[in-house]
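Written out below as structure tokens is the structure these notes cover.
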Amino acid sequence: MPSHGFALTSGPVMRSEFSKSTKLARFEHANGHCETCHQKIVGVAEYDHAVPCAAGGTNEFDNCRVQCRRCHRVKTSKVDVPQIAKSKRIVERRAGLRPKRGFKGWRKFNGEVVWK
Ligand SMILES: [Zn+2]
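Written as structure tokens, this is what we have:
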């Protein structure tokens, strides 16, 4: 977990974004392809945090991933949300609050998890 990066932003930022130059550099780096499924991106590219902001991810080039819309949606629902929930659970456990275990999402037929 990187401990740097917070000094780069001014003021409290709940969900920060990549700068235009970072997005452009990453898009060129990926050669216009999705960095998850490696298909050429048709339409508008989306940019994802490899390490979510809530888990200490930065808005640097290294933490940016170019994705097609489909992969971005899958990644956000399958990776980011459980990861954020997990780090939140760890904090809660350390704080002595023993949260109830339970699956709070719905699972579609194709295995995709929908979180409420
Ligand atoms: Zn993709």
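In our numbering, the protein residues as written are 176 to 291.
Glycine is no exception: its CB is placed at the ideal position from the N, C-alpha and C atoms.
Considered as a whole, the segment 203-255 harbours 221-224 and 239-242 as its complete beta strand (DSSP E) runs of no fewer than 3 residues, in chain order. Using a 10 angstroms sphere on the CB of Ala220, the tally of other CB atoms reaches 16 or more, which defines it as buried. His204 counts as exposed, since fewer than 16 other C-beta atoms from the protein chains shown sit within 10 angstroms of its C-beta.
Checking the 7 Å criterion, the Cβ of Thr233 is out of range of every heavy atom belonging to ligand 1. Per DSSP, reduced to three states, the secondary structure at Arg269 is helical. For the pair Gln258 and Ala225, the CB atoms are not nearer than the 8 Å cut-off.
Within the same chain, Cβ atoms closer than 6 Å to the Cβ of Asn234 are found at Ser191 and Phe193, the five residues on either side in sequence being excluded. Ligand 1 approaches Arg245 closely enough that one of its heavy atoms is under 7 Å from the residue's Cβ. At a cut-off of 7 Å, the beta-carbon of Gln242 counts as near ligand 1: some heavy atom of the ligand is closer than that. Placement of the Cβ of Thr251 at a distance of 7 Å or more from every heavy atom of ligand 1 is found. For Arg282, the pairing in a beta bridge is given by DSSP as Val288.
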